[in-house]
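Student: If you read the sequence shown in the UniProt record's numbering, its first letter stands for residue 1, the second for the next number, and so on.
Quick reminder that beta carbons are idealized off the backbone N, C-alpha and C, glycines included.
Because the structure is a prediction, the values reported are computed rather than measured.
First, the structure itself, so that you have it in front of you.
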Amino acid sequence: MPDAADQRRSPSTRRRPEHSLIRVGDEDEQKLHTSEKSLRRLILLFRTRPKLLARAIVAVIAVCSSLCVWEVRGSESGWHPRKDDLRGARPRFVFFQSQSTPRRNWESKPSSGFHRAVKPMDEQLTQSEKRKKSKWYNNKQRYAIGDSKGRENCKAQYEWQETSFPSCNAVHEVDLSHMRHKFEDGSSTRTIDHINNGGWSDIWVMKEYDGTKRVIKTKLFQHDFTDRNFDRYRRDALVMERLSSYPSVMNIYGFCGVTHLVEYSEGGDIEGAEISADPKEAQMDRLRIAEQVARSIADLHNFDLEGRASVSSTDITPYQFLSMGGKYKLNDFNRARFISWDENGPCPFYVAKNPGKWRAPEEYHYEGEDEKIDVYSAGNIVRGISHICTFSLQFVMPFISSDQAFATFCQIYFILTGKKPFENIKTDETYQSVKKGKTPHVKKELQQSRDPVTIALLKAMEMCFIYDPNERATAREVANYLTSQLKIFENSASP
1 MPDAADQRRS
11 PSTRRRPEHS
21 LIRVGDEDEQ
31 KLHTSEKSLR
41 RLILLFRTRP
51 KLLARAIVAV
61 IAVCSSLCVW
71 EVRGSESGWH
81 PRKDDLRGAR
91 PRFVFFQSQS
101 TPRRNWESKP
111 SSGFHRAVKP
121 MDEQLTQSEK
131 RKKSKWYNNK
141 QRYAIGDSKG
151 RENCKAQYEW
161 QETSFPSCNA
171 VHEVDLSHMR
181 HKFEDGSSTR
191 TIDHINNGGW
201 SDIWVMKEYD
211 GTKRVIKTKL
221 FQHDFTDRNF
231 DRYRRDALVM
241 ERLSSYPSVM
251 NIYGFCGVTH
261 LVEYSEGGDI
271 EGAEISADPK
281 EAQMDRLRIA
291 EQVARSIADL
301 HNFDLEGRAS
311 VSSTDITPYQ
321 FLSMGGKYKL
331 NDFNRARFIS
341 WDENGPCPFY
351 VAKNPGKWRA
361 PEEYHYEGED
371 EKIDVYSAGN
381 IVRGISHICT
391 FSLQFVMPFI
401 SSDQAFATFC
411 QIYFILTGKK
421 PFENIKTDET
431 YQSVKKGKTP
441 HVKKELQQSR
451 DPVTIALLKA
461 MEMCFIYDPN
471 ERATAREVAN
481 YLTSQLKIFE
491 NSASP
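This is the structure in structure tokens:
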């Protein structure tokens with residue numbers, strides 16, 4: 001019989017340290033592979049493999065933490081999918097891209113003879129859209145159509161402000177399946193091409209059977225299909241439809257959902273305005289452009305009833321005016337606001353975010369707004385027009401002809417010199433300056449100019465730059481003033 005000391009030294013009776021590994025014996029191995037109960041197998045596996053157990057615990061903690069963070073963010077944003085919301089699933093988009101179109105953050109893959117790229121919608125891109133969607137729903141519950149705080153009796157002035165007039169059949173008749181059209185002789189011509197994009201739409205140009213060009217505006221892929229975004233495109237199409245009889249606003253031919261079929265602009269925007277090489281005619285060109293800008297805004301404000309605005313663009317910049325037939329037309333109304341009324345008069349509207357340097361002081365104060373913000377923004381455009389070609393040509397005359405010099409500086413100076421408001425000032429500083437009543441700088445030689453056109457433009461700019469919107473001129477008053485000045489100069493110039 002072994003003594004007690006031998007038993008203590010025996011491996012089978014020695015006490016194992018707590019940190020040592022528990023090895024699987026033959027009996028445990030057999031249980032591990034033959035057990036019918038999955039839970040028992042899992043427990044036995046963790047008992048025999050401590051490292052695996054530790055990793056599993058860490059993984060469970062990480063998953064729980066992620067779920068908690070996701071739940072907190074969801075509750076903060078206030079967004080919860082509705083059972084009846086069929087737009088919750090992210091769709092996939094098919095894009096058509098030509099060889100001449102710059103590639104963006106997605107790669108096109110050739111298929112079926114033309115370039116086609118399928119871009120899956122990334123869930124991460126929708127987080128901001130979900131927050132905006134929740135905020136939009138809350139605003140619609142609290143405020144009236146004009147987003148008017150504190151005036152619950154505000155109602156739409158007209159029925160059309162709360163509806164739309166889609167023409168989906170006309171839109172779907174446009175064939176987007178082929179980028180080129182082949183003729184019997186083997187030649188071909190491009191029928192669809194991507195030419196530009198904005199903050200909310202891709203711009204495509206297409207040719208009809210007779211060669212007439214039209215523009216198709218489609219939603220940018222990074223924006224979600226939300227009710228808030230659908231309403232944005234509805235407002236854009238609705239304003240263009242209401243103003244289709246006005247030559248100062250771009251024509252629309254079809255609308256469906258987030259797609260518009262509109263007029264094609266053969267020219268550019270005001271920033272690329274073509275000015276005559278003749279100095280006297282160039283002055284008239286500047287005045288004509290300013291008059292067209294003011295006239296477009298005045299028509300927008302007064303198309304329902306003169307003196308009673310029903311729409312405000314809220315996004316007046318030189319890029320919203322496109323040249324068609326030698327005249328500039330206003331377009332792009334996806335940021336427009338419909339003005340509501342109550343028994344006290346027009347209700348102010350409130351916009352959640354007002355970026356950019358072209359805006360009125362009340363926009364940066366985030367106070368109640370009305371159509372007068374468009375007038376203030378128009379003043380920045382008039383100021384830009386008044387700066388065209390103000391450089392002396394004495395430095396370039398020895399090298400090129402006078403006509404070439406004038407035309408060159410008319411094209412370049414609008415882009416490179418101080419036309420844009422607060423060009424060399426930071427955005428935050430611009431906001432504070434405008435809120436304090438400061439206006440963009442006007443060169444001293446312009447302020448002291450005796451040129452009648454320059455004087456007229458400066459006068460129109462002063463009418464737009466009045467700080468108090470109640471005292472600020474209306475768009476119609478500015479347009480009528482510029483029209484009267486234009487007639488005077490045209491009559492004096494005629495033989």
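Assess, as a yes-or-no matter, whether the region 159–171 is touched by the region 236–250 under the definition of 3 or more beta carbon pairs within less than 8 Å.
Tutor: Yes: at least three Cβ pairs fall under 8 Å.
Student: Please classify I289 as buried or exposed, where buried requires at least 16 other C-beta atoms within 10 Å of its C-beta.
Tutor: Answer is buried; the Cβ neighbour count reaches 16.
Student: Taking the straight line between their C-alpha atoms, what separation do you get for L457 and S66?
Tutor: Cα to Cα, the separation comes out at about 60 Å.
Student: Is I297 near V375, with beta carbons less than 9 Å apart?
Tutor: For I297 and V375, yes; Cβs fall inside 9 Å.
Student: Roughly how many whole angstroms lie between the Cα atoms of V351 and A336?
Tutor: If I take the Cα positions, the gap works out to 10 Å.
Student: Given that a residue counts as buried once 16 or more other Cβ atoms are within 10 Å of its Cβ, and exposed if not, what is I195?
Tutor: Exposed is the call here.
Student: Are the C-beta atoms of I297 and some chain B residue less than 9 Å apart?
Tutor: Structure shown: chain B not included; a single protein chain is present.
Student: Taking one C-beta from the region 315–329 and one from the region 264–274 each time, how about it: are there three or more such pairs within less than 8 Å?
Tutor: Taking 8 Å as the limit for Cβ pairs, the verdict is that the region 264–274 does touch the region 315–329.
Student: Is the region 423–439 in contact with the region 352–363, if contact means three or more CB pairs nearer than 8 Å?
Tutor: Because the criterion of three Cβ pairs below 8 Å is met, the region 423–439 and the region 352–363 touch.
Student: Of all the options K353, E490, V58, which has the alpha carbon lying nearest to the alpha carbon of Y366?
Tutor: Checked all of K353, E490, V58; the closest Cα to Y366 is K353.
Student: Between the alpha carbons of H301 and I61, how many angstroms are there, rounded?
Tutor: Computed Cα separation, rounded: 59 Å.
Student: Out of curiosity, what's the CA-to-CA distance linking R82 and R308?
Tutor: Caution applies to R82, whose pLDDT of 42 falls short of 50 and renders its modelled position unreliable; the value that the coordinates give is listed next. For R82 and R308, the distance between alpha carbons rounds to 39 Å.
Student: Comparing C-alpha positions only, which one of H260, S245, L305, G326 sits nearest to S276?
Tutor: Looking at the Cα atoms, G326 is the closest of the given residues.
Student: Is the separation between the beta-carbon of V262 and that of V311 shorter than 9 Å?
Tutor: Cβ distance not < 9 Å, so V262 and V311 don't count as in contact.
Student: Where does the unbroken beta strand (DSSP E) through R190 begin, and where does it stop?
Tutor: Its beta strand (DSSP E) spans residues 188–190.
Student: Based on the DSSP secondary-structure assignment, which residues constitute the bridge partners of Y481?
Tutor: Per DSSP, none; premise fails for Y481.
Student: Give the straight-line distance between the Cα atoms of H178 and M324, rounded to the nearest whole angstrom.
Tutor: The alpha-carbon atoms of H178 and M324 are separated by roughly 27 Å.
Student: Checking the sheet assignment: what are the DSSP bridge partners for W358?
Tutor: For W358, which the question treats as bridged, DSSP gives no partner whatsoever.
Student: Starting from R214, follow its DSSP beta bridges and name the residues at the other end.
Tutor: Per DSSP, M206, E263.
Student: To the nearest whole angstrom, what separates the beta carbons of F338 and A156, a pair I think is in contact under 8 Å?
Tutor: The pair is a contact, with the Cβ atoms about 7 Å apart (cut-off 8 Å).
Student: What number of angstroms, rounded off, separates the C-alpha of P50 from the C-alpha of V63?
Tutor: Those two C-alpha atoms are separated by around 20 Å.
Student: In or out: I488 buried (at least 16 other Cβ within 10 Å) or exposed?
Tutor: Burial call: exposed.
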